[in-house]
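In what follows, a single structure is set out as structure tokens and then discussed.
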Amino acid sequence: MENRYVDIDVRVRYEETDKFGVVYYANYLVYFEVGRAEYCRQRGIPYDQMEKEGYFLLVAEANCRYKAPLRYDEEVTVRTWVRKLTAKAVVFAYQIFTKGEGKLAAEGETIHIVTDSTGVTGNLPEKYRNCLR
Numbered sequence: 202m203e204n205r206y207v208d209i210d211v212r213v214r215y216e217e218t219d220k221f222g223v224v225y226y227a228n229y230l231v232y233f234e235v236g237r238a239e240y241c242r243q244r245g246i247p248y249d250q251m252e253k254e255g256y257f258l259l260v261a262e263a264n265c266r267y268k269a270p271l272r273y274d275e276e277v278t279v280r281t282w283v284r285k286l287t288a289k290a291v292v293f294a295y296q297i298f299t300k301g302e303g304k305l306a307a308e309g310e311t312i313h314i315v316t317d318s319t320g321v322t323g324n325l326p327e328k329y330r331n332c333l334r
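Just so we're on the same page, the working numbering is the position in the sequence shown counted from 1, plus 201.
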């Protein structure tokens, strides 16, 4: 049976850290984006393909709960899955683990609404919903 989640490994870059060598809080959302893009790619629907067909997943809400600091050059795994899917919205969920210890460093979700290129809300075609399930 296919995993309902996708993992991608990321190494913390120097530019992502603050003065204390800890990942700046907003960069966790960047890691979520990396995970989300990989999730869609592995499901056969890269973002650019959806956008070429006129469907956009706009972030309506994002949240992150920080559990442990991540530091420069640390390897982490970003786990991504779809928590909820409707014709008009997708909720992606995320967990970030340290690669060595497998310690949960952060978890969160992003809520996306489906729009066209002008920002008008619409429905995500069934072919895309089937891939995201």
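Where a beta carbon is used, it is the ideal one built from N, C-alpha and C, also for glycine. Just so we're clear, the structure is a prediction, and the values are computed from it rather than from any experiment.
- Under DSSP, Ile209 takes part in a beta bridge, and its partners are Val279.
- Rounded to the nearest whole angstrom, the C-alpha separation of Tyr295 and Tyr232 is 9 Å.
- By the Cβ criterion, the segment 248-257 is not in contact with the segment 273-290, since fewer than three pairs of Cβ atoms, one from each stretch, lie closer than 8 Å.
- In terms of Cβ geometry, Ile297 and Tyr225 do not form a close pair [threshold 8 Å].
- Of the residues Val213, Cys265, Ile314 and Arg272, the one whose Cα lies closest to the Cα of Val291 is Ile314.
- When the five nearest sequence neighbours on each side are left out, the beta carbons in the same chain lying within less than 6 Å of the beta carbon of Val207 are those of Glu239, Tyr240, Gln243 and Thr281, in order along the chain.
- Residue state for Lys328 is assigned as helix, using DSSP reduced to three classes.
- DSSP places Lys304 outside both helix and strand once states are collapsed to three, so it counts as coil.
- By the beta-carbon neighbour count (other beta carbons within 10 angstroms, threshold 16), Ala306 is buried.
- In the structure shown, the three-state DSSP call for Gly323 is coil.
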